[in-house]
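Student: First residue of the sequence shown: 1, per full-length UniProt numbering; consecutive thereafter.
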Amino acid sequence: MQRLFMLLLTVMVSALPAVANAWWQADWKFRKQISIDTTPAGAAINDNIGRVPLLVRLHTGNFVFDGVAENGSDVRFVSSDDKTVLNHQIESFDPLLGMAVIWVDVPAVSGGQRQDIWMYYGNEKAPSTANGQVTFDPNYTLVYHFNGAADAPPP
């Protein structure tokens, strides 16, 4: 009976889906887990929010800028299913100063949960896919980042 229980337990555990264990694409050398925590220990959001442009602020305290392209062109964001590439916009990226501000289009943020997305980087051949027009909902009237001088044209 104990053998049958162990066999059943082994089959059940091996049948569980793997969460973010697969590497999205072999061309990217590095990845960083980014957690969206809406539990009471995090942002304490109870309701489902839906689609949200999420601000990802990188600095030397939470990210090592070694291995990433100088302009961030090799940065990609992938949902927790390890397949879906998320749209993003790079507002600023300066590896010398160790600062980056990136907006990521998260299709669904659920209340009271922790969900993870993955940031991939380290592919010197990757062209930039950052695009603010698809990152922000087309129903937004205006999106201001206030990242330049008053007389500077928008990026």
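By construction, the Cβ of each residue, glycine as well, lies at the ideal position given by its N, Cα and C atoms.
Beta-carbon separation of Val104 and Leu86 under 8 angstroms?
Tutor: yes
Student: How would you call residue 230, buried or exposed, if buried means at least 16 neighbouring beta carbons within 10 angstroms?
Tutor: Because the chain is modelled from 1 through 155, residue 230 falls outside the range shown and cannot be assessed.
Student: Would you list the residues sitting across from Gln33 in a DSSP beta bridge?
Tutor: Trp118
Student: Counting along the chain, where does the alpha helix (DSSP H) carrying Val134 start and finish?
Tutor: Gly132 to Thr135 is the span of the alpha helix (DSSP H), which, as asked, contains Val134.
Student: So His59 is in the beta strand (DSSP E); what residue range does that whole segment cover?
Tutor: Gly50 to His59 is the extent of the beta strand (DSSP E) around His59.
Student: Which of the three DSSP states, helix, strand or coil, is assigned to Gln113?
Tutor: coil
Student: Assuming Phe53 contacts Thr129 under a Cβ cut-off of 8 angstroms, what Cβ separation, rounded to an integer in Å, is found between them?
Tutor: Checking the displayed sequence, the identity of residue 53 turns out to be Pro instead of Phe. Contact flag wrong, Cβ pair sits at about 16 angstroms.
Student: Measuring alpha carbon to alpha carbon, tell me which of Gln33, Arg31, Ala41 and Asp27 ends up nearest Gln113.
Tutor: For Gln113, the closest of Gln33, Arg31, Ala41 and Asp27 by C-alpha to C-alpha distance is Ala41.
Student: So, at 7 angstroms on beta carbons, what are the nonlocal neighbours of Thr60 in its own chain, with the 5 sequence-adjacent residues on each side left out?
Tutor: Gly98
Student: Pull up the CB-CB distance for Gly132 and Asn48, whole angstroms please, since I reckon it's below 8 angstroms.
Tutor: Wrong, their Cβ atoms sit about 25 angstroms apart, outside the cutoff.
Student: Note down, in chain order, each residue of its chain lying with its Cβ closer than 7 angstroms to the Cβ of Leu142, except the 5 sequence neighbours on either side.
Tutor: none
Student: Residue 218 lies in the beta strand (DSSP E); which residues open and close that run?
Tutor: In this structure the chain extends from 1 to 155, so residue 218 is not present and cannot be described.
Student: Can you tell me which residues form a DSSP beta bridge with Ala100?
Tutor: Leu58 and Phe93
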